[in-house]
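Structure, as structure tokens:
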Amino acid sequence: MKTNSLWLVIFLAGCFFLFAVCFKLQPLTIKKILKTIPQEEKSSLEWFFQAHVDTIPYVLFGSKPMATTEFLDPFSSSTFSEGHDADDWLFFFFGSVSTWNLKTKKGWNTWKKYQHLLPSSNYIFLERKWNNWVNITLINKKAFLDVVEKNLDIFQSVLGQDTTPQRVLESCITCNDILADALHNHDGLFGILLGYGTHNAKLFHRRFEIKRNPQRSQFSLTKKPLKPSEGFSTIEEEYNTICQKLTSFDNYIIYDFNPLLLVLPGFVADHSHPETQQLRKEYLKQYKTIIHEYQKGDFLEVTFKQFNDKKPLLKHLLTQRSQP
């Protein structure tokens, strides 16, 4: 009898221990995570994600492959390096102390503080610093791979025939400068990845290609002169035609007065082209989806639930992270 009683005590103690461990390892929910964040920091996070409602929600809930923004870093060493005159310093100073810049910087730093609690397999934030700027890029990996696959011939013509969607993604994630390093300074590829449409991205690239050649109408021995594309007799005619075609994509007035102040993604587009017309339909559909999703609850909770597609972190991990 004593032996049986001893085993019973051991069994009950074991059950209690397992219960305590399971409780300790209880998965964190988004609500629980938000409760651990001070109100001031939650406000900073909310401002950061809401200040970019024309880009971030369409990456999280839509088909936009990538979004990018940047802010000035007033404490960058290059701010006071040689080559900057007084006008440059004034620009950097007033730009860096603007409300938008300060809030963006604070919101981004707050996100970096808590991002380990919200792991994601499909979304990734990147930070790149150059000169006086901090560049932030958000990538939807699935949408990114899809759009590169759809336009693989264009990417291969610029980056090489061995280019694959996965290689482009990995290069963008690991490089120092997406446009310069991963995309070989090709604005057309960059526009495609930003969700502007292939036709619009090509027009934008061509316009920039012509514009950055200041001697486009003069004879030069050092540069191969640009030739007008098919259908144009001169470079000037082509340039002016492109400028007339490319107008603001976000010229659609929203009348529903949504509390998010959500608008369509901002870029220039050729509204007469079928691809742009289809793109507008898709973004308007995504616009309605985003509004519907955010009507379900708290702004940050909805945003983080969409971002966090991995298994929830464990409660003991939060305890470890919070320790000094």
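Numbering (the numbering used here), first residue to last: 823 to 1146. For every residue, glycine included, the Cβ atom is placed at its ideal position computed from N, Cα and C.
In terms of CA proximity to W952, E892 leads the group H1027, L1025, E892 and P1096. I1112 and L1084 do touch by the CB rule: their CB atoms are close to 6 angstroms apart, below 8 angstroms. Note on W922: under 16 other CB atoms within 10 angstroms of its CB, so exposed under the neighbour-count rule.
Cβ atoms of H1027 and G1017 stay farther apart than 8 angstroms, at about 15 angstroms.
The residue from N1035, F1030 and G1010 with its alpha-carbon nearest to that of K1024 is G1010. Three or more Cβ pairs closer than 8 angstroms define a contact, and the stretch 978-985 falls short of that threshold against the stretch 928-945. For S918, the closest C-alpha among the options T926, P896, N931 and L912 is that of P896.
Apart from the 5 residues on each side of it in sequence, C1065 sits with its Cβ closer than 8 angstroms to the Cβ of R1029 in its chain, given in chain order.
If you draw a straight line from the Cα of F1089 to the Cα of Q861, it comes to about 34 angstroms. At a Cβ-Cβ threshold of 8 angstroms, I961 and I946 count as neighbours. Looking only at A1004, A1002, P941 and S1051, the smallest Cα-Cα distance to D1131 is reached by P941.
A distance below 8 angstroms separates the beta carbons of T959 and L948.
By the criterion of a C-beta distance shorter than 7 angstroms, N1035 is surrounded in its chain by L1048, once the five residues flanking it on both sides are discounted.
Here N998 is actually not in contact with T890; their C-beta atoms are around 14 angstroms apart, not less than 8 angstroms. In this model, S1051 and N1007 are separated by some 21 angstroms (Cα to Cα). For T1098, the enclosing alpha helix (DSSP H) covers residues P1096 to Y1116. In the DSSP annotation of this structure, the continuous segment of the beta strand (DSSP E) that includes R950 starts and ends at Y945 to W952. For a cut-off of 8 angstroms, the C-beta gap from P887 to V990 is around 11 angstroms, too long to register as a contact. In the structure shown, the three-state DSSP call for D1009 is helix. Secondary structure note for L924: it is in no beta strand (DSSP E), and the uninterrupted alpha helix (DSSP H) holding it is T921 to Y936. Runs of the alpha helix (DSSP H) spanning 4 or more residues and lying entirely within the stretch 842-898 occur at 852-858, 861-872 and 878-882, in chain order.
Between the beta-carbon of G884 and that of Q1108 there is about 4 angstroms, and that keeps the pair under the 8 angstroms contact cut. Rounded to the nearest whole angstrom, the CA to CA distance from F1079 to E1104 is 20 angstroms. Using a 10 angstroms sphere on the CB of G1019, the tally of other CB atoms reaches 16 or more, which defines it as buried. Straight-line measurement puts the Cα of V980 at about 26 angstroms from the Cα of F1071.
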